[in-house]
Structures are given as C-alpha cells and as structure tokens.
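Reading through the structure tokens given below for one structure.
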Ligand code: UDP
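Numbering (UniProt numbering), first residue to last: 1 to 234.
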C-alpha cells in the first residue's frame, strides 16, 4: 500500500480513547492507536494529532458551572489524553512532542507553529493539547485550525462510529450511511460530523475530512492510503 498524503492531521476523540470503558483511558485502545500511528509514520507520512477530552469532561454538559470555567477544564482534560498518547507512542519507539495551547512548560512545549512544522519535518509526531486555548470552541475546531496552520492535506477523523450517518445509527435503524459528502451538505443537513464552527473552517479553507472508526485495526493506514472506508467530506 502506498500513502496518498505527506502530512495528515489525525483527530482522536476522547470518547474513542475510552473504548468500552466509556470513561477515562483504556490502555488497550492507547496501544492500538500507537501501533496504527507507527505504521503510517514508518511509511514516511508526517502525523500531527489533535485529541479530544470528552472521556473526562465536556464543558457544554455542565449544568451549573460558568461555561468558560467548564471549558477550560475540558481543555485540561485533553492534555491528560495528549500525555497518555505521547507515552504510548514513545513506548512503540515513535519520537513525539506535545504542544499545548495553554502554557504548562513542566509537562509540554507551548504551541509554536513553526516549531511544530519543524518537528514534523524531522519525523516526530506532534500532539496538540489544550484545544485552541479558548473556551466556547471544540477540539474539532482545533483540528480544523491546526490542519490549516500546518498545511495538512486531510483531517483523519477517528471516531467511535464508523462513518457519517443521517441520524444516530444506534438509536435509528433507518439512518442512512454516507460514503461521501460535501462540506456544504454537512452544514446544510446539520450532520453530526463535527460542530458547525469546525465544518465551516474546513469548508472555507478547503480541508478534506475522512471519518472512520478508530477501533478497527488498520483503519488509519487504510485512510492514509485513500481506501474507501467510512465517509469522505470534500
Ligand atoms: N474545549 C474548549 N476549547 C477548545 C477545545 C476544547 O473549550 O478549543 C473544551 C470543551 O469544554 C470541550 C472539552 O474541552 O467540551 C473537550 O473537548 P471535545 O469535547 O472537543 O472533546 P471530544 O468530545 O472530541 O472528546
């Protein structure tokens, strides 16, 4: 198999990292992710990762807390996931740097775009933690923003579900599964691929999104090689 892309942005939702545990980090999932990233990195593909935090905390689900505070907590949750991923990647022999949008120099580098690009050029995996650093945003928006900044060719959106559907396939057996969509369709039909801020950022900057299930082994490789899995938005 041959890689279709030189530089990709892999977005891993927090939920996907929890696996069957539904909360926190499932260490088997961590290892699975690390092995998949290793495969594509060894093919010479430059890999940047944005990780979510929903396996620990989501700002929008708090009922009584000030939204900005709850969102900052969510961003901190993503840093735990970023550190766990770094540990798992390095255990597989993959040199990895974590850069955070909120400074915490004792545990990670601060986000510096040119440095991130330099790490990628040197074959290191770069994990972006703490989202955009701003409340009221999501890690999907972070993925769109960082992909645009580092000039990634595609966002690989590794999720719990295996594709984009017209409705939740777990509750609606008649939900239609899409193989390909345009950004406009995602926005107009309000499909839950990513939030609308993230989807419009991708549309405006012409960033392709490939949605697939993280849990299925070999899927990251298949996506990188342009195989027909999941849903492609372009
Ligand atoms: N978050 C934020 N700004 C960002 C990225 C994330 O405020 O730029 C917060 C937000 O509260 C969100 C939480 O971090 O609910 C976890 O991120 P997200 O929900 O995107 O993770 P996922 O659902 O993909 O696991």
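Beta carbons are placed, not taken as given, at the ideal position from N, Cα and C, and that holds for glycine. Treat the numbers as computed from the prediction; the structure is a model and nothing was measured.
| Asked | Found |
| --- | --- |
| Since residue 37 is in the alpha helix (DSSP H), which residue starts that stretch and which ends it? | 27-42 |
| Taking only heavy atoms of the ligand UDP into account, decide whether any of them is closer than 7 Å to the Cβ of residue 142. | yes |
| My understanding is that residue 28 touches residue 19, with C-beta atoms under 8 Å, so please give their C-beta distance in whole angstroms. | 7 Å |
| Which value, in whole angstroms, describes the spacing of the CA atoms of residue 33 and residue 137? | 25 Å |
| Could you say which of 155, 69, 175 and 200 lies nearest to residue 164 if we only look at CA atoms? | 175 |
| What do you reckon, is the C-beta of residue 110 under 7 Å from a heavy atom of the ligand UDP? | no |
| Expressed to the nearest angstrom, what Euclidean distance is found between the alpha-carbon atoms of residue 31 and residue 88? | 6 Å |
| In angstroms with no decimal places, state the Cα-to-Cα distance between residue 80 and residue 184. | 34 Å |
| Would you tell me roughly how many angstroms separate the C-alpha atoms of residue 166 and residue 26, rounded to the nearest one? | 29 Å |
| To the nearest angstrom, how far is it from the Cα of residue 9 to the Cα of residue 53? | 17 Å |
| Would you mind sorting residue 22 into buried or exposed? The rule is 16 or more other CB atoms within 10 Å of its CB. | exposed |
| Helix, strand or coil: which one does DSSP assign to residue 224? | helix |
| Between which residues of its own chain and residue 208 is the CB-CB distance below 6 Å, once the five residues before and five after are set aside? | 154 and 234 |
| State the DSSP-derived secondary structure class of residue 111, mapped to helix, strand or coil. | coil |
| Less than 8 Å between the beta carbons of residue 94 and residue 37, yes or no? | yes |
| What are the partner residues of residue 155, as DSSP defines its beta bridges? | 9 and 209 |
| Could you check which residue in 96, 135 and 130 has the C-alpha nearest to that of residue 117? | 96 |
| Specify the secondary structure class of residue 171 as computed by DSSP and reduced to three states. | coil |
| Whose C-alpha, out of 232, 216, 62 and 199, is nearest the C-alpha of residue 17? | 216 |
| What does the alpha-carbon distance come out to for the pair residue 191 and residue 168? | 10 Å |
| Near residue 56, what residues of its chain come up, given a Cβ to Cβ distance below 6 Å and the 5 sequence neighbours on each side ignored? | 77 |
| Buried or exposed for residue 63, please, with buried defined as at least 16 other CB atoms from any protein chain shown within 10 angstroms of its CB. | exposed |
| Locate the beta strand (DSSP E) running through residue 48, then write down its first and last residues. | 46-51 |
| Does the ligand UDP have even one heavy atom less than 7 Å from the beta-carbon of residue 264? | One cannot answer for residue 264 here, as it falls past the ends of the chain, which runs 1 to 234. |
| Considering just the uninterrupted stretch of the beta strand (DSSP E) at residue 96, what are its terminal residues? | 96-100 |
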